[in-house]
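Heads up: the protein sequence lines correspond to chains A and B, in order.
Going by the numbering used here, the first sequence opens with residue 55, and the numbers climb by one from there.
Going by the numbering used here, the second sequence opens with residue 4, and the numbers climb by one from there.
C-beta atoms are modelled at their ideal positions from N, C-alpha and C, and glycine is treated no differently.
Below you'll find the structure, written out as structure tokens, and then a few comments.
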Amino acid sequence: MKLLSDTWFMVVRQARNLMREPIWIALLLIQPMVWLVLYSQLFHNAPKLGGFGTTSYVTFLAPAIVVMNSFFGATWSGMAMINDLDHKVIERFLATPASRFAIVLSQIVRSAITAAIQAVIILVVAVALGVHVHSGVGGWVIVILAAILVNSAFSGLSQGIALLTRREATMIALANFIGLPLLFVSTTLIARAQMPSWMRVAAHANPMDWGVRAAREVVLPGTSWGTVGLYLVFLLVLSAVTAGFATWCFRAYERTL
Amino acid sequence: MDAIVVEGLEKRYKQVRALDGVSFGVREGEVFGLLGPNGAGKSTTVRILATLTKSDAGRAEVAGHDVRREAGKVRRAIGYVPQDSGVDQYGTGRENLMLQGHVQGMGGAELKQRVAELLGLVGIADAADRIVKTYSGGMRRRLDIALGLVHRPKVLFLDEPTTGLDPEARVQMWAEVGRLARQESLTILLTTHYLEEADELADRLAIVSRGQIVVEGTPPQLKATLRGDAVHLVLSNGRMDDACRIVERLGATPETVTDDRTLVARVENGNRALPGILSALDQDGIGVESVGVSRPSLDDVYLHYTGRDFAAEDRGEA
Chain A
55 MKLLSDTWFM
65 VVRQARNLMR
75 EPIWIALLLI
85 QPMVWLVLYS
95 QLFHNAPKLG
105 GFGTTSYVTF
115 LAPAIVVMNS
125 FFGATWSGMA
135 MINDLDHKVI
145 ERFLATPASR
155 FAIVLSQIVR
165 SAITAAIQAV
175 IILVVAVALG
185 VHVHSGVGGW
195 VIVILAAILV
205 NSAFSGLSQG
215 IALLTRREAT
225 MIALANFIGL
235 PLLFVSTTLI
245 ARAQMPSWMR
255 VAAHANPMDW
265 GVRAAREVVL
275 PGTSWGTVGL
285 YLVFLLVLSA
295 VTAGFATWCF
305 RAYERTL
Chain B
4 MDAIVVEGLE
14 KRYKQVRALD
24 GVSFGVREGE
34 VFGLLGPNGA
44 GKSTTVRILA
54 TLTKSDAGRA
64 EVAGHDVRRE
74 AGKVRRAIGY
84 VPQDSGVDQY
94 GTGRENLMLQ
104 GHVQGMGGAE
114 LKQRVAELLG
124 LVGIADAADR
134 IVKTYSGGMR
144 RRLDIALGLV
154 HRPKVLFLDE
164 PTTGLDPEAR
174 VQMWAEVGRL
184 ARQESLTILL
194 TTHYLEEADE
204 LADRLAIVSR
214 GQIVVEGTPP
224 QLKATLRGDA
234 VHLVLSNGRM
244 DDACRIVERL
254 GATPETVTDD
264 RTLVARVENG
274 NRALPGILSA
284 LDQDGIGVES
294 VGVSRPSLDD
304 VYLHYTGRDF
314 AAEDRGEA
């Protein structure tokens with residue numbers, strides 16, 4: 055119970071601080087739209103290559119952009135932890151009975167909430183661009199869930215690395231290092247059929263691609279709910295593992311004090 | 004019962020021996036000062052007592068609980084005001100206090116009321132709903148202290164409470180701390196590298212130097228051990244040995260020689276002894292550049308017990 059209430063109050067703190075940043079809010083809203091509009095224009099003719107499951111590229115793309123956006127958000131989520139470490143906010147919590155896990159978990163939850171809000175915005179814009187979510191309301195829920203799970207899986211990792219390195223420069227380098235490669239070794243922008251065979255294999259091991267496939271499955275016709283469930287379970291397990299990793303890193307950080 | 008018991012604490016950071024067997028006790032309701040220059044081990048001691056850092060050896064009890072085995076109980080019983088604040092700069096003063104109360108397990112109307120009370124008590128009620136980033140240094144420090152007090156702790160740790168404050172704010176803070184100690188019936192452990200601060204605030208104090216407690220007592224007790232005034236003589240032609248001999252012959256005790264030119268001599272009544280000392284030195288052809296007489300201060304106590312100059316050590320010159 056202490057874990058939940060501490061997490062809640064810490065999430066409220068972070069969310070409130072973010073809401074006081076007008077530029078941050080503007081970017082939060084605009085960024086996903088930029089992705090959606092730019093990519094859908096750029097690759098407009100891609101479905102002609104075949105294997106996309108739809109003739110509308112924006113329909114193919116929209117669920118993947120939701121996941122990609124939440125993935126990128128997650129890779130940066132450790133920055134807030136570094137900021138709190140630098141300002142000794144974490145140390146202040148450590149001298150109180152605050153749940154240690156809540157300190158880590160609140161960062162992950164805050165990041166996931168942001169991802170969920172952006173997911174809704176992207177879906178709304180996508181619908182305005184003519185995308186039809188084939189499986190209806192349930193589909194929306196699955197897309198948002200995929201975004202949340204991809205985000206928590208990677209923000210656990212990001213938090214752990216933040217706690218180990220405690221340096222912004224290292225975090226930035228690392229986020230860039232994993233960000234684009236994982237984007238390109240996935241079916242985010244292009245159909246599986248159009249990928250070189252080694253990439254198709256590699257994409258199986260890419261958790262972001264798990265999220266993309268689950269989200270796309272419910273947007274395009276012919277949804278296989280088994281596939282959706284499987285990928286979401288994979289992501290859930292991975293989220294638990296990376297949250298565990300982040301907690302382990304937190305203990306390591308405590309030992310350096 | 005003692006509010007804080009510390010026995011043989013040791014702590015190493017890689018090659019640096021931060022604490023080398025620190026022991027002391029703080030009685031309930033007392034303001035206890037750990038006085039020492041930067042890097043002496045004061046903050047490390049407090050961090051161990053606040054359960055942030057684990058010691059390598061020794062044991063410590065705070066409010067009757069072992070800091071290692073009963074860290075949770077200690078954390079509920081203490082308020083820790085660290086050297087670097089740790090407030091959330093992007094939140095308001097009130098929000099910071101509410102969050103602190105919540106993680107301490109408080110809530111509802113009780114917490115709201117306590118927060119309002121504390122904001123008034125430390126004198127930042129007018130700024131309560133402003134973002135902390137807009138606060139002055141003194142206001143931030145007040146908020147820091149209020150954060151440590153939200154849950155009505157039994158023991159409050161103040162790590163360098165006035166470092167970074169201007170002299171005026173420092174004097175105000177001293178008055179504040181003294182008042183809080185009484186109003187909240189707290190035991191306070193404060194660390195400082197300001198001799199005046201320890202003198203002003205502490206009922207009892209321990210002088211810390213290089214990871215060890217050098218001496219412990221009330222400020223008057225410590226000063227009394229020095230017996231008499233200090234006569235400071237700065238020699239112009241460096242005949243230190245001769246000067247020491249002459250001073251000794253006149254019944255003063257040449258105590259410490261801080262550099263090659265400054266001689267400090269202890270004597271019952273400095274003002275009376277000074278003319279005699281000066282004329283004796285003059286007769287012997289020993290030039291004196293400047294003189295001074297001072298009542299015993301904690302500076303002298305530090306010098307007496309460590310053989311080192313406090314200010315130089317604080318700047319890291321020793």
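- Around the Cβ of methionine 73 of chain A, a 10 Å sphere holds fewer than 16 other Cβ atoms; the residue is exposed.
- According to DSSP, arginine 207 of chain B shares a beta bridge with B/Phe35.
- Residues of the same chain with a CB within less than 8 Å of the CB of methionine 262 of chain A, apart from the 5 flanking positions on each side, are Val121, Met122, Phe125, Val204, Phe208, Leu236, Leu237, Ser240 and Thr242 in chain order.
- Counting along the chain, glutamate 187 of chain B sits inside no beta strand (DSSP E), nor does DSSP assign it H or E at all.
- The beta carbon of threonine 309 of chain B does not come within 9 Å of any beta carbon belonging to chain A, so the residue lies off that interface.
- A direct Cα-Cα distance of roughly 6 Å separates glycine 141 of chain B from leucine 168 of chain B.
- Distance between leucine 277 of chain B and valine 234 of chain B, taken at the CA atoms: about 8 Å.
- Shown here for glutamine 85 of chain A: same chain residues with a beta carbon closer than 8 Å to its own, the five before and five after excluded, namely Asn123 and Gln172 in chain order.
- Taking the CA atoms as reference points, arginine 50 of chain B sits about 12 Å from leucine 192 of chain B.
- Secondary-structure assignment with DSSP links histidine 68 of chain B through a beta bridge to B/Val65.
- In this structure, the alpha-carbon of leucine 281 of chain B lies about 18 Å from that of aspartate 263 of chain B.
- Membership of serine 124 of chain A in the alpha helix (DSSP H) is indicated by the continuous run 111–129.
- Against chain A, the CB of histidine 235 of chain B has no partner CB under 9 Å away; the residue lies outside that interface.
- Glycine 42 of chain B carries a coil assignment under DSSP once its states are collapsed to helix, strand and coil.
- For methionine 64 of chain A, the nearest beta carbon of chain B is closer than 9 Å to its own beta carbon.
- Within 10 angstroms of the beta-carbon of tyrosine 285 of chain A lie 16 or more other beta-carbons, which makes it buried.
- Against chain B, the CB of valine 143 of chain A has a partner CB under 9 Å away; the residue lies at that interface.
- For the region 149–178 of chain A, the set of positions with a beta-carbon nearer than 9 Å to some beta-carbon of chain B reads Ala149, Thr150, Pro151, Ala152, Ser153 and Ala156 in chain order.
- Distance between tyrosine 197 of chain B and isoleucine 167 of chain A, taken at the CA atoms: about 47 Å.
- For serine 88 of chain B, the C-beta contacts it makes with chain A under 7 Å involve Lys142, in order along the chain.
- One alpha carbon belongs to leucine 103 of chain A, the other to alanine 269 of chain A, and they sit about 22 Å apart.
- Straight-line spacing of the CA atoms in arginine 143 of chain B and valine 84 of chain B works out to 11 Å.
- In the displayed model, proline 222 of chain B falls within a helix according to three-state DSSP.
- Counting the other Cβ atoms within 10 Å of the Cβ of alanine 223 of chain A gives fewer than 16, which makes it exposed.
- With respect to the 9 Å criterion, arginine 305 of chain A and arginine 154 of chain A are classified as neighbours on the basis of their beta carbons.
- The C-alpha of glutamate 31 of chain B is placed about 13 Å away from the C-alpha of alanine 205 of chain B.
- A direct Cα-to-Cα measurement between asparagine 99 of chain A and tyrosine 111 of chain A gives close to 7 Å.
- Listed in chain order, the positions of the region 94–111 of chain B with a beta carbon within less than 9 Å of a beta carbon of chain A are Gly94, Glu98, Asn99, Met101, Leu102, Gln103, His105, Val106, Gln107, Gly108 and Gly110.
- Within its own chain, the residues whose Cβ lies closer than 8 Å to the Cβ of valine 294 of chain B, once the five positions on either side in sequence are excluded, are Val234, His235, Leu236, Val237, Leu277 and Leu281, listed in chain order.
- The beta carbons of valine 282 of chain A and glutamate 271 of chain A sit about 5 Å from each other, so the pair counts as a contact at 8 Å.
- Interface flag for tyrosine 83 of chain B against chain A is set, since a Cβ pair is found closer than 9 Å.
- Shown here, glutamate 292 of chain B sits in a strand according to DSSP, grouped into three states.
- Listed in chain order, the beta strand (DSSP E) runs fully inside the region 230–296 of chain A amount to none, counting runs of at least 3 residues.
- As the crow flies, the alpha-carbon of glutamine 213 of chain A is around 7 Å from that of serine 131 of chain A.
- A contact is defined here as three or more CB-CB pairs under 8 Å, and the region 57–77 of chain B meets this definition with respect to the region 5–20 of chain B.
- Below 8 Å, enough C-beta pairs join the region 81–99 of chain B and the region 141–155 of chain A to call them touching: three or more.
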